[in-house]
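Engineer:
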Amino acid sequence: MNTTMNRTDRHSHILFRLHIDGPLTIGLLLMAAVSLMLLYAASGQDIALVQKQSVRVCLAFMAMFILAQFPPSFYQRWAPPVFFIGVVLLLSVLLFGVSGKGAQRWLHIAFFKFQPSEILKVVTPVMVAAYLSQHRLPPSFRHLTIAFSMAFVPAYLIAKQPDLGTSILVAASGLFVIFFAGIRWKLLMIAGGCVSAFTPVFWYFFMHDYQRQRVITFLNPESDPLGAGYHIIQSKIAIGSGGLTGKGWLQGTQSKLEFLPERHTDFIFAVLGEEFGFLGVAALLLLYLYIVGRGLYIATQAQGSFERLLAGALTLTFFVYIFVNIGMVSGLLPVVGVPLPLISYGGTSMVTLMAGFGVIMSIHTHRRLISQ
Amino acid sequence: MRRIREELKDTNAEQVLFFHRAIAALVGICLLMSLLLINVYRLQVVAFDDYQTRSNDNRIRVVPIAPTRGLIYDRNHVLLAENRPVYNLEIIPEQVKDLTKMVTELCELLNLDASYQEKFFKDVKKQRRFKPVLLAEMLDEDQVAIFSVNQHHYPGAAIQASLRRYYPFGDTLTHSLGYVAKINTNDLEKLERKGKIANYAATRDIGRQGVEKFYENLLHGQVGYQEVEVNNRGRIIRTLKYQPPVSGHDIVLNIDIVLQKKAEHLLADRRGAIVMLDPNTGAVLAMESSPSYDPNLFVNGISNTDYNMLLQDKDRPLINRTTQGIYAPGSTIKPMLAVMGLNENKINPTQKFFGDKFFQIPGTKRKFRDWKPEGHGWVTVYEAIEKSADTFFYDLAYRTGIETIHDYMKKFGFGQYTGIDLHEESKANLPSEDWKITRFKQPWYTGDTISVGIGQGYWTVTPLQLARATSILVKRGQDVVPKMLNTILDPKVSPPQTNTAQDKVPRIRLQRPLDWQVSLDGMYQVNHGKSGTARRAFRSAKYKAGGKSGTAQVIGMKEDEEYDATKIKERFRDHALFVGFAPFDDPEVVVAVILENAGGGSANAAPVARKMLDTYFQDTLKVAKR
Numbered sequence: 001m002n003t004t005m006n007r008t009d010r011h012s013h014i015l016f017r018l019h020i021d022g023p024l025t026i027g028l029l030l031m032a033a034v035s036l037m038l039l040y041a042a043s044g045q046d047i048a049l050v051q052k053q054s055v056r057v058c059l060a061f062m063a064m065f066i067l068a069q070f071p072p073s074f075y076q077r078w079a080p081p082v083f084f085i086g087v088v089l090l091l092s093v094l095l096f097g098v099s100g101k102g103a104q105r106w107l108h109i110a111f112f113k114f115q116p117s118e119i120l121k122v123v124t125p126v127m128v129a130a131y132l133s134q135h136r137l138p139p140s141f142r143h144l145t146i147a148f149s150m151a152f153v154p155a156y157l158i159a160k161q162p163d164l165g166t167s168i169l170v171a172a173s174g175l176f177v178i179f180f181a182g183i184r185w186k187l188l189m190i191a192g193g194c195v196s197a198f199t200p201v202f203w204y205f206f207m208h209d210y211q212r213q214r215v216i217t218f219l220n221p222e223s224d225p226l227g228a229g230y231h232i233i234q235s236k237i238a239i240g241s242g243g244l245t246g247k248g249w250l251q252g253t254q255s256k257l258e259f260l261p262e263r264h265t266d267f268i269f270a271v272l273g274e275e276f277g278f279l280g281v282a283a284l285l286l287l288y289l290y291i292v293g294r295g296l297y298i299a300t301q302a303q304g305s306f307e308r309l310l311a312g313a314l315t316l317t318f319f320v321y322i323f324v325n326i327g328m329v330s331g332l333l334p335v336v337g338v339p340l341p342l343i344s345y346g347g348t349s350m351v352t353l354m355a356g357f358g359v360i361m362s363i364h365t366h367r368r369l370i371s372q
Numbered sequence: 373m374r375r376i377r378e379e380l381k382d383t384n385a386e387q388v389l390f391f392h393r394a395i396a397a398l399v400g401i402c403l404l405m406s407l408l409l410i411n412v413y414r415l416q417v418v419a420f421d422d423y424q425t426r427s428n429d430n431r432i433r434v435v436p437i438a439p440t441r442g443l444i445y446d447r448n449h450v451l452l453a454e455n456r457p458v459y460n461l462e463i464i465p466e467q468v469k470d471l472t473k474m475v476t477e478l479c480e481l482l483n484l485d486a487s488y489q490e491k492f493f494k495d496v497k498k499q500r501r502f503k504p505v506l507l508a509e510m511l512d513e514d515q516v517a518i519f520s521v522n523q524h525h526y527p528g529a530a531i532q533a534s535l536r537r538y539y540p541f542g543d544t545l546t547h548s549l550g551y552v553a554k555i556n557t558n559d560l561e562k563l564e565r566k567g568k569i570a571n572y573a574a575t576r577d578i579g580r581q582g583v584e585k586f587y588e589n590l591l592h593g594q595v596g597y598q599e600v601e602v603n604n605r606g607r608i609i610r611t612l613k614y615q616p617p618v619s620g621h622d623i624v625l626n627i628d629i630v631l632q633k634k635a636e637h638l639l640a641d642r643r644g645a646i647v648m649l650d651p652n653t654g655a656v657l658a659m660e661s662s663p664s665y666d667p668n669l670f671v672n673g674i675s676n677t678d679y680n681m682l683l684q685d686k687d688r689p690l691i692n693r694t695t696q697g698i699y700a701p702g703s704t705i706k707p708m709l710a711v712m713g714l715n716e717n718k719i720n721p722t723q724k725f726f727g728d729k730f731f732q733i734p735g736t737k738r739k740f741r742d743w744k745p746e747g748h749g750w751v752t753v754y755e756a757i758e759k760s761a762d763t764f765f766y767d768l769a770y771r772t773g774i775e776t777i778h779d780y781m782k783k784f785g786f787g788q789y790t791g792i793d794l795h796e797e798s799k800a801n802l803p804s805e806d807w808k809i810t811r812f813k814q815p816w817y818t819g820d821t822i823s824v825g826i827g828q829g830y831w832t833v834t835p836l837q838l839a840r841a842t843s844i845l846v847k848r849g850q851d852v853v854p855k856m857l858n859t860i861l862d863p864k865v866s867p868p869q870t871n872t873a874q875d876k877v878p879r880i881r882l883q884r885p886l887d888w889q890v891s892l893d894g895m896y897q898v899n900h901g902k903s904g905t906a907r908r909a910f911r912s913a914k915y916k917a918g919g920k921s922g923t924a925q926v927i928g929m930k931e932d933e934e935y936d937a938t939k940i941k942e943r944f945r946d947h948a949l950f951v952g953f954a955p956f957d958d959p960e961v962v963v964a965v966i967l968e969n970a971g972g973g974s975a976n977a978a979p980v981a982r983k984m985l986d987t988y989f990q991d992t993l994k995v996a997k998r
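Chains as they are written, first to last, in our numbering: chain P, 1 to 372; chain V, 373 to 998.
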């Protein structure tokens, strides 16, 4: 393990004292820069939009900073009550919620709307990590079952809204904690097998028509090129026509001429592909990999299983966003409404993720000089 | 902090466990990243060309540009057919979010009634995707202005300006000038077969009749192209390439609108035809068929009701009577028969013949009566023409025989196409023995020949054939081909057949060329002689003219047309015909007139011919003769 001697210098370092992790911050700042650049292109050179997003970016960084100040023990203590409230709120959304776009996701409370599912995105992994870290790892069957339900109950409630994308993310974040907690591989396979077996049932009885349509369109986008398949076809055209080096910043015809829909939100990766080509894509993936790698490194260096589990789960969840969005935009996965993390236009996802990074930084910078 | 419960936690083991899991996660992540990268590589490198093409296909459109149709002038450069700007409101349905709503709003905005909506939605079903559908045609200036100001509210709707053919003289020239109408599937098939369909990519109308149809190739021009970049909504952002269209050629016809209008006036409220030729060049100076109809109806799309009305009209306005009307020539062909008779030595200029009340084929009882009940008495060939003695020509026909008659008359252009530059023409019928056997499966009887001798029986002609034959007579056997087209207003282009390239070699050679003069002098007497049938009509004319009257009985439109017997009973009276030419010594113009069911030719048709000739000599702006 690391010697305490080396740590002294680091601990007195100003950044460390401010609870900021340098390498991670650099990576995140680079991402912010890339995001604004791409948004400018994707929005058709809309300065006002870029300005709005910059404000959001600042707010997100602030959120990260604030969350980094609290020690991990704080989160461990407050996770259960917040989790419980979140679940209750989810229930009330289902019972009394405001509908928007055919889904019940919002609650009206004292003049403003908010989505309880966003809270659950952050709280679920904390909850599961807090629970499992109290006991010996790898967890026993009993603890596993409880952990599973902690992950699936909010996921199910969210799926009923319906919001399949978010529900999958919430479930995944909980499952990652379980993975890191050491669930035996055999058990994992069996669980995976059960889920696969459950899929047809899921398809017929639990999926909505539009969700089914999305899978069908994914399998064969050309079957409805002007309707459901339009997004994905235009997206692939945008990416593919970028070639090796891309058409150049602000020169993407698919985005400039508005053939690509949602280009400043979910499909912004396609703008990157069109304007910066394969090289640009590789560069972005490397940047993401750097951030993910740093997150995992912090996780391995963390003191305490709660800290380890949480850091690892948050990092993997971040990666899931990346994989699902890019996979969807490039035709590997069906279309689900998942934004490209830290780049897509929009505030909620960014704040949530940056909050997560804030927690990771908290884990990293609250380590004691001498491990107990 | 609660840490230890029932079990003791083994921190080291947990750390190691975690470390392994983290490695596994990292490996998984790298694998998935690679998967993403490979997939993107497939799109951007392997399938690059394909996607680049599709990217271009999205944004680049080739828009054909219609060429401007050539204008048509009369011989004095009066405009007969022009192109007028027309504004249409079109919508591309795929670009509109709520089509019904927008259409309703537009109709209200522009004061369009419900019928526009109905028709629009019917058309939407038929039209191909992403092609514009017409909502309203020929908007007036106010509507154009109102829409333009509000255009941004209605993405997907746009005003298309185009040129539409317009005929300022309306029904005066319909049959000869013709008209253009919207291209239909038949036209498309024909264009495809001729390999011309690319040139018509942007064209709406095609020549459907008359000069417009015959000279379609000259008038149409060549299509142009615009390569444009469009955005998602099909809005044109910028032009990448532009190739201008080539306008069609402007052409000048031989028609003189002054003469044409006079002819129209003379035929008003009657069924008939007038055609006027220049015998030296074949130029058609006037071609009028009555009743007529407004060609502009067809340009804009005639309604089924209106078209049916024209089709069912008993007076058959759709037929061009000058080229398609089939009539018995009556006595108008006697001068030609006389020439034949002289050349065949069946008659001679000084010989006299006794014109009895009737003629009989020797050994038969049937009497072929003369129009004059008491007969004409002794007549020379001159007088036979002047007074239109029938028995003289019965006798001549009898002694000559149908085959010889057929041979000679064929040389005058009877029974054949005249070579005029119009498609709508009939050959009428010049009978012969072979013909009758083929047509009726019956042998030719001598009695049939007798009728032919005075231009009745199986012999039919069109007014244009009559004019042409008279021109050949006037030019002493030189062939005359009638021509609508005068010149093309582009010095670099030569017309398909020029007017000046004529047969200088006389088609009909007589043993004694002076025999031509015999018939011509006879025709002089018709108009100016003491007993000429048309002397009253040509009294106090300022010029000397030759002519021949005729009175015919057959009502026919097309030679393969069956006619309704009940209708004949209603329209029982004879047709009046007349052919004339002037000035007598050096003829400049030949005119043929037919008035259906008007009665006697000299009484009814001759005065009309006189008025036409008067107009020619007084009111036309004469161009220098070629």
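Using N, Cα and C, we set each Cβ at its ideal position, and we do this for glycine too.
#1: To be precise: take each residue of the region 172-204 of chain P, compare its Cβ to all Cβ atoms of chain V, and keep it if any distance is under 7 Å. Which residues remain?
#2: Rounded to whole angstroms, what's the CA-CA distance from Val980 of chain V to Tyr587 of chain V? Just pull it up for me.
#3: Would you say Ile360 of chain P faces chain V, with C-beta separation under 8 Å as the test?
#4: Would you grab the beta carbon distance between Leu90 of chain P and Pro116 of chain P for me? Rounded to a whole angstrom, and I think it's under 8 Å.
#5: What are the residues in the region 125-147 of chain P lying within 8 Å of chain V by C-beta distance?
#6: Going along chain P in order, which residues have a C-beta closer than 9 Å to the C-beta of Leu408 of chain V?
#7: Could you tell me which chain P residues have their CB closer than 8 Å to the CB of Asp470 of chain V, listed as they occur along the chain?
#8: Report the partner residues of Thr923 of chain V according to the DSSP bridge assignment.
#9: From this set, P:Leu28, P:Val201, P:Arg17 and P:Ile14, which residue's C-alpha is nearest Leu284 of chain P's C-alpha?
#10: Chain V beta carbons: is any one of them nearer than 8 Å to that of Glu262 of chain P?
#11: Please classify Thr842 of chain V as buried or exposed, where buried requires at least 16 other C-beta atoms within 10 Å of its C-beta.
#12: Counting only beta-carbon atoms, is Asn672 of chain V nearer than 8 Å to chain P?
#13: Alpha carbon to alpha carbon, how far is Tyr526 of chain V from Pro81 of chain P? Give it in angstroms, no decimals.
#14: Under three-state DSSP, which class holds Ala355 of chain P?
#15: Less than 8 Å between CB atoms is the rule here; does Phe255 of chain P satisfy it with respect to chain V?
#16: State buried or exposed for Gln532 of chain V, treating a residue as buried only when at least 16 other CB atoms are found within 10 Å of its CB.
#17: Less than 6 Å between C-beta atoms, sequence neighbours within five positions excluded: which residues of the same chain meet that for Ala335 of chain V?
#18: Check the Cβ of Ala299 of chain P against every Cβ in chain V and list those closer than 7 Å, keeping chain order.
#19: Residues bridged to Gln581 of chain V by DSSP?
#20: So what's Pro125 of chain P in DSSP terms, helix, strand or just coil?
#21: What are the residues that DSSP puts in a beta bridge with Met207 of chain P?
#22: For Ser661 of chain V, report the span of its beta strand (DSSP E) as first-last.
#23: Give me the DSSP bridge partner(s) of Ser534 of chain V.
#24: Give the secondary structure of Ile20 of chain P by DSSP, where H, G and I count as helix, E and B as strand, and everything else as coil.
#25: When we look at the beta-carbon of Trp750 of chain V and count the other beta-carbons within 10 Å, is it buried (16 or more) or exposed?
#26: Check each residue of the region 427-460 of chain V: if its Cβ is closer than 7 Å to any Cβ of chain P, include it; give the result in chain order.
#27: By the criterion of Cβ-Cβ separation under 8 Å, what are the contact partners of Leu389 of chain V in chain P?
#28: Residues in its own chain within less than 6 Å of Thr365 of chain P by CB, not counting five upstream and five downstream?
#29: Taking buried to mean at least 16 other C-beta atoms within 10 Å of its own C-beta, is Glu933 of chain V buried or exposed?
#30: Could you tell me how far apart the beta carbons of Phe786 of chain V and Gln837 of chain V are, in whole angstroms, since I believe they sit closer than 8 Å?
#31: Suppose the cutoff is 8 Å on Cβ atoms and the five residues either side in sequence are ignored; what does the same chain contact list for Leu132 of chain P look like?
#32: Would you give the residue range spanned by the beta strand (DSSP E) that Asn715 of chain V belongs to?
#33: So Ile239 of chain P contacts chain V; which residues on that side make the cut at Cβ distance below 7 Å?
#34: At a CB-CB cut-off below 8 Å, which residues of chain P make contact with Ile609 of chain V?
#35: Below 8 Å, can you find three or more Cβ-Cβ pairs linking the region 756-765 of chain V to the region 780-795 of chain V?
#36: Take every Cβ of the region 813-821 of chain V, pair it with every Cβ of the region 678-698 of chain V, and state whether three or more of those distances are shorter than 8 Å.
Structural biologist: Well, looking at it:
#1: Phe179, Phe180 and Gly182
#2: The straight-line gap from Cα to Cα measures roughly 31 Å.
#3: no
#4: The distance from the Cβ of Leu90 of chain P to that of Pro116 of chain P is about 5 Å, consistent with a contact at the 8 Å cut-off.
#5: From the region 125-147 of chain P, only Gln134, His135, Arg136, Leu137 and Pro138 have a Cβ closer than 8 Å to chain V.
#6: Within chain P, the residues near Leu408 of chain V are Val281, Leu285, Ile322, Phe323, Ile326, Gly327, Ser330 and Leu332.
#7: Per Cβ cutoff of 8 Å: no residues; Asp470 of chain V is ~16 Å from chain P at best.
#8: Under DSSP, Thr923 of chain V forms a beta bridge with V:Ala948.
#9: P:Leu28
#10: For Glu262 of chain P, the closest Cβ of chain V is not nearer than 8 Å.
#11: buried
#12: Not one beta carbon of chain P lies nearer than 8 Å to the beta carbon of Asn672 of chain V.
#13: Approximately 54 Å, taken between the alpha carbons.
#14: Note: Ala355 of chain P maps to helix in three-state DSSP.
#15: The sequence given here has Ser at residue 255 of chain P, not Phe. Not one chain V Cβ lies under 8 Å of Ser255 of chain P.
#16: exposed
#17: Any question about residue 335 of chain V goes unanswered here, given that chain V covers just 373 to 998.
#18: Result: Ala394.
#19: V:Tyr551
#20: In the structure shown, Pro125 of chain P sits in a helix (DSSP, three-state: H, G or I).
#21: For Met207 of chain P, which the question treats as bridged, DSSP gives no partner whatsoever.
#22: Bounds of the beta strand (DSSP E) holding Ser661 of chain V are Val656 to Ser662.
#23: V:Val458
#24: coil
#25: Exposed, because fewer than 16 other Cβ atoms sit within 10 Å of the Cβ of Trp750 of chain V.
#26: Ser427, Asn430 and Arg431
#27: Leu137, Pro138 and Gly182
#28: Phe16 and His19
#29: At Glu933 of chain V the pLDDT is 47, less than 50, meaning the model places this residue with poor confidence; the figure from the coordinates comes in the next sentence. Counting Cβ neighbours within 10 Å, Glu933 of chain V comes out exposed, since fewer than 16 surround it.
#30: 6 Å
#31: Pro139, His143, Ala147, Val177, Ile178, Ala181, Ser305 and Leu309
#32: Careful: Asn715 of chain V lies outside any beta strand (DSSP E), inside the alpha helix (DSSP H) at Lys706 to Asn715.
#33: Counting only Cβ-Cβ distances below 7 Å, Ile239 of chain P has contacts in chain V at Val412, Leu415 and Gln416, in chain order.
#34: Leu257
#35: no
#36: no
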